[in-house]
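Residues are numbered in the working numbering as their position in the sequence shown, beginning at 1, plus a constant of 120.
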Amino acid sequence: MTNPTDGSAAPSGHEVILLTRAGCGLCATAMEQLRAICADFGIEPGAVDVDIAAETDPGLRAEYGDRLPVVLLDGREHSYFDVDEARLRADLGR
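Here it is, written out as structure tokens:
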């Protein structure tokens, strides 16, 4: 995967990345939710713009571009369109 902004593994050992694109209102809302949730676990969520990342990783936009925003937890798809807060909190607590 391309280098995300922030999103480095936190003391909890988890990494949360939001796949996004410029001008995506749902993406902005999802990032606000992620910041609030992740703050409780000492994590700063990262973000990857799939359109920019497509320059070096075209598969990223091909796979996720029509389902944005997408939340990745530890490199795996966790949710898309909406942040599944209850599930994310449970998974971050593990």
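Even for Gly, the Cβ is constructed at its ideal location relative to N, Cα and C.
Cβ distance (whole Å) where residue i is taken to contact residue j below 8 Å
{"i": "T140", "j": "P178", "result": "Rounded, the Cβ-Cβ distance is 17 Å, inconsistent with contact."}
Where residue i falls: helix, strand or coil (DSSP)
{"i": "A174", "result": "coil"}
{"i": "E135", "result": "coil"}
{"i": "R209", "result": "helix"}
Sub-8 Å separation of residue i and residue j beta-carbons
{"i": "L180", "j": "V136", "result": "no"}
{"i": "C158", "j": "E152", "result": "no"}
{"i": "L146", "j": "V191", "result": "no"}
For residue j and residue i, the rounded distance between their alpha carbons
{"i": "G127", "j": "D186", "result": "Per-residue confidence for G127 stands at a pLDDT of 47, beneath the threshold of 50, marking its modelled position as unreliable; the derived number appears in the next sentence. Taking the straight line joining both Cα atoms gives about 22 Å."}
{"i": "I172", "j": "C144", "result": "14 Å"}
{"i": "A150", "j": "G195", "result": "17 Å"}
{"i": "A156", "j": "E175", "result": "31 Å"}
{"i": "L212", "j": "E183", "result": "24 Å"}
{"i": "L154", "j": "A210", "result": "14 Å"}
Neighbour-count burial assignment, residue i, 16 or more Cβ in a 10 Å radius
{"i": "D160", "result": "exposed"}
{"i": "D169", "result": "buried"}
{"i": "G162", "result": "exposed"}
{"i": "G166", "result": "buried"}
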